[in-house]
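Undergrad:
In this note's numbering, the protein residues as written are 18 to 335.
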């Protein structure tokens, strides 16, 4: 009995249809309409506070693990609301999410797990994601661990590696910032200081030495950073934990696993060497690098129009 050509092709046709359906499902998830507002969700054994703002394709924000709430990231991305649906959440121990119960609640790994649980809670099989600084570093890990869950990625002022050699080079390039971090490190060990006093020491370093070393125009940027930090109680405990969790960071061997089209955003005046952004560009297969000439580590507030244009264009949301 001969093989019917039409039936022989059936498995291929079905496979094509399944792949096409998966692609369409991904597109529908990216376009899914989420209700705006402030919510609580039970995720991985903790109550997590999250917020939804805007309209258009969903863009989930992977927050920083070192001790900030939603406020600074909201200040960065609020102008995108007209074209994109932003989803933010407070890490454990920050904002309105549950307090820290064990030290690992402050880890980058826990932030990733809660991000992924929130994605599922929202009914999204895959999602666009953005991370800034430490959040961008964590997004490298997430996008390589679970590539099937990330539709498009935006890495804002992130790195894929920070070695001992990088640390030495940074100390030479920015001696005042290094001294400031050494001073605050000693202050955080002092038992006589209250939590509020320790958090204030961190804030002072951010507003002074860090802004001076990491922005194109410190005098213009400092008031903006001060403004968004006023709505953000810092957590020195999270900061200390993050330093111990990632004393060195090297994900270069993971970059090739990232399948999401990736936008890498860097500032020409950042304290992070441009070689780090170029390293990410070389390692991530489907990626684009954009350098903001007049920005340091805060492109959303240093060059807001250019930042918004690049992100919205990348997401197809202009």
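Backbone N, C-alpha and C define an ideal beta-carbon position, used for all residues, glycine too.
Determine the closest residue to residue 140 out of 232, 150, 77, with distance taken between C-alpha atoms.
TA: When only C-alpha atoms are compared, the closest one is 77.
Undergrad: Report yes if the C-beta distance between residue 71 and residue 103 is below 8 Å; otherwise report no.
TA: Going by C-beta atoms, residue 71 is nearer than 8 Å to residue 103.
Undergrad: Considering only their Cβ atoms, is the gap separating residue 306 from residue 294 smaller than 8 Å?
TA: Yes; because the gap between Cβ atoms is below 8 Å, this pair is in contact.
Undergrad: Can you list, in chain order, the residues of its chain with a C-beta nearer than 6 Å to that of residue 94? Leave out the 5 residues immediately preceding and following it.
TA: Excluding sequence neighbours, residue 94 sits near 103.
Undergrad: Quick check on residue 155: buried or exposed, where buried means 16 or more other Cβ atoms within 10 Å of its Cβ?
TA: Buried, since its Cβ has 16 or more Cβ neighbours within 10 Å.
Undergrad: With a CB to CB cut of under 7 Å and the five nearest residues on each side skipped, what residues in its chain are close to residue 116?
TA: Excluding residues within five positions, the ones whose Cβ falls inside 7 Å are 110.
Undergrad: Report yes or no: do three or more beta-carbon pairs, one from the segment 61 to 70 and one from the segment 158 to 167, lie closer than 8 Å?
TA: These segments do not touch.
Undergrad: Tell me the DSSP secondary structure of residue 229 in three-state form.
TA: Helix at residue 229.
Undergrad: Can you confirm whether the segment 181 to 200 touches the segment 222 to 233 when touching is taken to mean that 3 or more C-beta pairs between the two stretches lie within less than 8 Å?
TA: A contact exists between the segment 222 to 233 and the segment 181 to 200.
Undergrad: Can you have a look at residue 268 and say buried or exposed, based on whether 16 or more other CB atoms are within 10 angstroms of its CB?
TA: So residue 268 counts as buried.
Undergrad: Suppose you measure from the CA of residue 341 to the CA of residue 57; what does that come to, to the nearest Å?
TA: Coverage of the chain is limited to positions 18 through 335, which leaves residue 341 absent and any answer about it impossible.
Undergrad: For residue 313, which option in 289, 302, 325, 298 has the closest C-alpha, if you only look at C-alpha atoms?
TA: Nearest C-alpha to residue 313: 289.
Undergrad: Which residues share a DSSP beta bridge with residue 284?
TA: Looking at the DSSP assignment, residue 284 forms a beta bridge with 309.
Undergrad: Three or more beta-carbon pairs under 8 Å between the segment 238 to 255 and the segment 276 to 284, yes or no?
TA: With a cut-off of 8 Å, the segment 276 to 284 and the segment 238 to 255 do not count as touching, because too few Cβ pairs lie within range.
Undergrad: Can you tell me where the beta strand (DSSP E) holding residue 59 begins and where it ends?
TA: Here the beta strand (DSSP E) through residue 59 covers 54 to 60.
Undergrad: Nearest to residue 176 by alpha carbon, out of 272, 108, 165?
TA: Minimum Cα distance to residue 176 is reached at 272.
Undergrad: Can you name, in chain order, every residue of its own chain whose Cβ lies under 6 Å from the Cβ of residue 303, other than the five neighbours on each side?
TA: Cβ neighbours of residue 303 beyond the five flanking positions: 278.
Undergrad: Closest to residue 270 by C-alpha separation, out of 299, 292, 130, 131, would be which residue?
TA: Ranking 299, 292, 130, 131 by Cα distance to residue 270 puts 299 first.
Undergrad: Which same chain residues, not among the five before or five after residue 83, have their C-beta less than 7 Å away from its C-beta?
TA: If we look at residue 83 and ignore the five residues flanking it on each side, its Cβ neighbours are 151, 255, 256, 259.
Undergrad: Between 181, 173, 218, 131, which has its C-alpha nearest residue 9's C-alpha?
TA: With the chain covering 18 to 335 only, the question about residue 9 has no answer from this structure.
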